[in-house]
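At position 120 of the sequence shown the residue is numbered 111 (my numbering), and the sequence of numbers has no breaks.
Note that beta-carbon positions come from the ideal geometry of N, C-alpha and C, so glycine has one too.
Structure first, then comments.
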Amino acid sequence: MVTVTPETKQRDVQVLPIGAQTTVLRSRTWDRLKFEIEYALQRGTTANSYLIRADKIALFDPPGESFTEIFLAALQQRLNPTELDYIILGHVNPNRAITLKALLELAPQVTFVCSNPASINLRTLLPDQELKIEVVRGDDTLDLGQGHNLQFILTPSPRWPGSLCTYDPQTEILFTDKLFGAHVCGDQVMDEGWTTISEDRRYYFDCLMAPHAKQVEKALDKLTDFPARLYATGHGPLVRYSLIPLTQSYRQWSEENATKDLTVALIYASAYGNTGTLAQAIARGITKAGVGVEAINSEAADPTEIQKAVEKADGFIMGSPTLGGHAPTPIQTALGIVLSTASKTKLAGVFGSYGWSGEAIDLIESKFSDAGYQFGFETIRVKFKPNEVTLKYCEEAGTDFAQALKKAKKARTPRQPVGESQAARTEQAVGRLIGSLCIVTTKQGELSGAMLADWVSQATFTPPGLTIAVAKDRAIESLMHTGGSFVLNILAQGKHLGLMKHFLKPFGPGEDRFAGVASQEAENGCPILSDALAYLECTVENRMECGDHWVIYGVVKQGQLLQPDGVTAVHHRKSGTHY
């Protein structure tokens, strides 16, 4: 095995035994594989595959095309592909097609084991191949011999309608596919010291699982019947030491997302995965603002399911690819249901991807506009595959949509007179807490962000450190995870109003926060505001979830006083219920 460090940016396959006749093949990279929102923390990833060599030989979840060559080389070092009996697929997506095609050339005798939706997808991806497929429909089992009588659990979701988990009672290993994973890369195979990746696991859940929390809860209910000692995940460390707390966290996070006061029905179809990626980014923006999302893949959903979701939702968003100048049939069906079901008071949104034209997006937009719906963001049109700037734009559009729903609800709620109650007195007392007026700035690749902050405090002497409270729905929050960099620009009393006014104004999705503002680049790559009193270059050391905010702990690497005679601007409040 090649020795890899984060600096070399190499890829390799790590192979280790994890149970009787059972081996993990971890295809690893420290690079960010593609522009999808769940990779945004840029910790690298592992694509975990598994091999059971009993009387029959089964391979679980070969990786995507980024690892095809090195994975097949590692596999052939351990067996002759003609010995392979089964390939078990937890899900099927276009990214795996190249690896699966290459495997079929080496092992034409192999039988695929997957769910019925996955089998349909598999035949679509490999139309020229003669495929042997064993479809799992319910409580089916597969006996590999030597006690490895595999049991299958269907765990469908809108993003992966064909999702499948597999349990091996011989080793008590549960192969969980997308569940319980994290996009992190390292030499550690199991999750010893798992608290160090808690942030990565939560981010992974928020990006991939939160939009279909109800389906996650159903999957968790099914998995309770299979007593596992190890979760063999599709990505990241295998789950042994945190199996109970992580399962409990998934339950808690799912319940929180499924019981929000406000919800959005996010209905889409995705021919090549691009529209699905946009949907994922929009959903992430909505959920981080404290609004629930019910994601519905129209290609797999029943019309009744779509109707019920739209009826109970406070807003709805539709996304579509354009195929041959038209919207796919499932989207046309869903559009008819929405137009006949959703009241005109509900907020709408439209997005989609296309190759050469975007007629489907225009169709949906015009239908909603003609019907009199108000839009929560400008229609999003993306040509070909989205990049990280586009996905950040989509996330911010989702947050704007959620905030518009919250604002509308607040306007409908009668205001209660504030008297001299204990609550009112407490609000006034909390409001007397003051902080320095600062502008937090950050940059990550092509993405940048900024916000006005006064919930700032020095936290440590050694090392010099500070804390900043960042609301969950702030756009900058996604750029302030552990390991990230930022600059704290401290404002000067008497010279702060211009910067305050600039950074207090509402910015549209993707809008340049620094247009018209004098700035220069710090050594950590983040903007320094030229008119600041002082600045501190910091690295995010830790994050703590606190109600509706994240408390960010940053270590100060260096700083400078730009106006030696200046005094720090502070903000006096009358109430502790708002900034």
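Kindly indicate which three-state DSSP category residue i falls into: helix, strand or coil?
i     : result
E39   : In the sequence under discussion, the amino acid at residue 39 is Asn, which differs from the Glu named in the question. Note: N39 maps to strand in three-state DSSP.
C176  : coil
V561  : strand
G485  : coil
D522  : coil
S476  : strand
E27   : coil
F171  : coil
K374  : strand
I9    : strand
I78   : strand
Q142  : strand
V(-7) : For V(-7), the predicted structure reports a pLDDT of 33, less than 50, and the residue's modelled location is therefore unreliable. A value from the coordinates is still provided. Note: V(-7) maps to coil in three-state DSSP.
S360  : helix
Q449  : strand
I575  : Here the chain has residues from -8 to 570 only, and residue 575 is not among them.
M181  : strand
T568  : coil
T(-1) : Below a pLDDT of 50, predicted positions are generally treated as unreliable, and T(-1), at 36, falls in that range; the measurement from the model is reported next regardless. Residue state, collapsed to three classes: coil.
A420  : helix
P497  : coil
K383  : helix
Counting along the chain, where does the beta strand (DSSP E) carrying residue i start and finish?
i    : result
L443 : L438 to A444
A462 : G456 to A462
E541 : Reading off the sequence, residue 541 comes out as Trp, not Glu. Where W541 is concerned, the enclosing beta strand (DSSP E) stretches over H540 to L552.
R534 : A525 to C537
C105 : T102 to S106
G283 : G283 to N288
Y158 : L155 to D159
I124 : K123 to V127
A49  : I48 to F51
Beta carbon of residue i, beta carbon of residue j: below 8 Å?
i    : j    : result
P377 : N265 : yes
Q419 : K209 : no
L75  : A45  : no
K303 : G283 : no
S57  : L50  : no
Y259 : M309 : yes
A402 : F366 : no
V301 : T278 : no
K463 : H540 : yes
G316 : E350 : yes
Q179 : P228 : yes
Y232 : M181 : yes
I273 : F342 : yes
V447 : L438 : no
G306 : L221 : no
I459 : G567 : no
F171 : V207 : no
L382 : I89  : no
Rank the options by C-alpha distance to the C-alpha of residue i and give the top, closest one.
i    : options                   : result
L214 : K205, T162 and Y158       : Y158
P72  : E387, L94, V546 and I258  : L94
S289 : L269, L326, L470 and I277 : L326
P319 : A304, G550 and A291       : A291
G389 : G281, G276, H540 and Q1   : G276
T162 : A249, A223, T336 and R372 : A223
G129 : P149, S154, G172 and D119 : S154
C156 : H82, G136 and K92         : H82
Q298 : F217, A280 and T324       : T324
T115 : A262, C176, I9 and V255   : A262
G35  : E125, V4 and C176         : C176
P312 : K337, D305, S348 and T336 : S348
A204 : S245, S189, G225 and G184 : S245
E468 : D353, M535, L113 and D3   : M535
D131 : K123, P118, D119 and L145 : L145
Could you tell me the boundaries of the alpha helix (DSSP H) in which residue i lies?
i    : result
A304 : Per DSSP, A304 belongs to no alpha helix (DSSP H) and is neither H nor E.
N265 : N265 to K279
S510 : Not the alpha helix (DSSP H): S510 falls in the beta strand (DSSP E), residues S510 to E512.
D212 : A204 to L214
D191 : S189 to L199
I322 : T320 to T332
Check whether the Cβ of residue i sits closer than 7 Å to any heavy atom of the ligand SAM, and report yes or no.
i    : result
V561 : For the ligand SAM, the structure offers nothing, since it holds no ligand at all.
message: For the structure I just gave you, are there three or more beta carbon pairs, one from the segment 502 to 511 and one from the segment 59 to 68, closer than 8 Å?
response: no
- request: Please confirm if the segment -1 to 18 is in contact with the segment 96 to 108, defined as three or more CB-CB distances below 8 Å between the two stretches.
  value: no
query: Pairing CB atoms from the segment 520 to 528 with CB atoms from the segment 547 to 564, are three or more of them under 8 Å?
result: yes
query: Okay, do the segment 137 to 153 and the segment 177 to 197 touch, 3+ Cβ pairs below 8 Å being the bar?
result: no
- request: Pair every Cβ in the segment 426 to 439 with every Cβ in the segment 472 to 485, then say whether three or more of these pairs are closer than 8 Å.
  value: yes
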